[in-house]
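Following: one structure in structure tokens, then a few remarks.
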Amino acid sequence: MTTYVLTGLVNSEDSARKICSLIEKIYPRPLGTGFFELDERNSTWEIEAYFQQKPKLGDIALLEGIYSTELRISAVEKVDWVSEVQRNLTPIAIGNIYIHGVHHRDKLDLNKKNIEIQAAMAFGTGHHATTRSCIDLYRYLLRKRWEFRNVLDIGSGTGVLSMVAVKTKKTVVTAIDNDLIAVETTRTNFSKNKISIRNLVLKSNELRNPLIFSRGKFDLIFANILFLPLKNMVKNVRRNLRAGGVIILSGMSHKQSILVEKVYANHNFRRVKIAKEGPWTSLALRYFRKNK
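The numbering of the sequence shown is our numbering, which starts it at 11 and goes up by one.
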């Protein structure tokens, strides 16, 4: 089966957002659309859209004329990407944590905390800089003798951050994601890694699942997602994090992290540690309850 991929470059986030919105209205309907900043310095944004049927060239030409850009359509033959990813991803070691796929079981290090990841179509294998930075910040906090017994993982993806927390300390984790594939992938990985059933995996949009509140206030929250939800969820985070608790925020560019930190500072969060890798920045922030 062939998938058609539509790509193009524009010079602003606003243009990228508007083009994607228009693409979603053309027929045949796309399977999905997305955009991301390709070059922060030159403000270059890439647009992507995926179709089961080839989009009409007239519709594409109209979009090109409106936004003075060139959109390209390419055909991609169906590939079992899950198997390809599992086969080709090399295991990674972060301190005493060893993250690997099913094809590398014969290379386990018994002196490390071994975590087997089934990637499926969910995000988070430990290879991406944002995930590594979350793990590095978490390990830094442990070295500083922080204690985390109740952890929330927002946007769990494969569940790798949840499993790192469970494997390294006696921690109870609640992993949530708004994507059903990610939820099922996390549950599969929990089972593969013999994670106790007291650790929950829930489908939830914006912390709305009532089971989250039944878990009480959290000592630590992981949020490795995207810039806008990181910025917009600050009030929900504050309601669910105990005073003195920490949130690790990841998935931001350097420029975006400055704005996010300011937003959280206005809600009594203060920086504990910052981590930078490539174009990405991650923050560990501590919540201080405001004195009345």
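Glycine included, each C-beta is placed from N, C-alpha and C at the ideal position.
Three-way DSSP call (helix, strand, coil) for residue i in this model
i	result
residue 61	strand
residue 172	helix
residue 277	coil
residue 95	For residue 95, the pLDDT reaches just 49, beneath the cut-off of 50, and the residue's location in the model is therefore unreliable, although a value from the coordinates is still provided. Looking at residue 95 - three-state DSSP - the assignment turns out to be helix.
residue 246	helix
residue 179	coil
residue 28	helix
residue 106	coil
residue 18	strand
residue 252	strand
residue 232	strand
residue 271	helix
residue 145	helix
residue 295	strand
residue 82	strand
residue 199	helix
residue 163	strand
residue 55	strand
residue 284	strand
residue 318	The structure shown has nothing for residue 318, since the chain only spans 11 to 302.
residue 74	helix
Residue i, buried or exposed, once every other Cβ within 10 Å from all chains shown has been counted against 16
i	result
residue 34	exposed
residue 86	exposed
residue 229	buried
residue 163	buried
residue 268	exposed
residue 242	exposed
residue 68	exposed
residue 61	buried
residue 292	buried
residue 63	exposed
residue 226	exposed
residue 215	exposed
residue 220	exposed
residue 224	exposed
residue 285	buried
Length of the line joining the Cα atoms of residue i and residue j
i	j	result
residue 12	residue 45	22 Å
residue 103	residue 109	6 Å
residue 278	residue 271	10 Å
residue 157	residue 203	23 Å
residue 59	residue 26	11 Å
residue 297	residue 189	28 Å
residue 238	residue 263	12 Å
residue 192	residue 248	25 Å
residue 43	residue 28	11 Å
residue 57	residue 288	21 Å
residue 206	residue 200	8 Å
residue 17	residue 82	5 Å
residue 95	residue 167	Here residue 95 scores only 49 on pLDDT, less than 50, and its place in the model should not be relied on; the value that follows carries that caveat. Roughly 15 Å separates the two Cα atoms.
residue 55	residue 276	30 Å
residue 180	residue 126	19 Å
residue 144	residue 15	32 Å
residue 128	residue 197	10 Å
residue 299	residue 40	46 Å
residue 153	residue 31	46 Å
residue 294	residue 22	29 Å
residue 250	residue 24	32 Å
residue 151	residue 257	11 Å
residue 47	residue 123	35 Å
residue 155	residue 19	47 Å
residue 172	residue 261	17 Å
Per DSSP, cross-strand counterpart(s) of residue i
i	result
residue 185	163 and 211
- Message: If contact is defined by three or more beta carbon pairs under 8 Å, each pair taking one atom from either stretch, is the region 203-212 in contact with the region 137-147?
- Response: The region 137-147 and the region 203-212 do not touch, with fewer than 3 CB-CB distances between them shorter than 8 Å.
- Query: Is the region 18-36 touching the region 73-87, taking contact as three or more C-beta pairs under 8 Å?
  - Reply: yes
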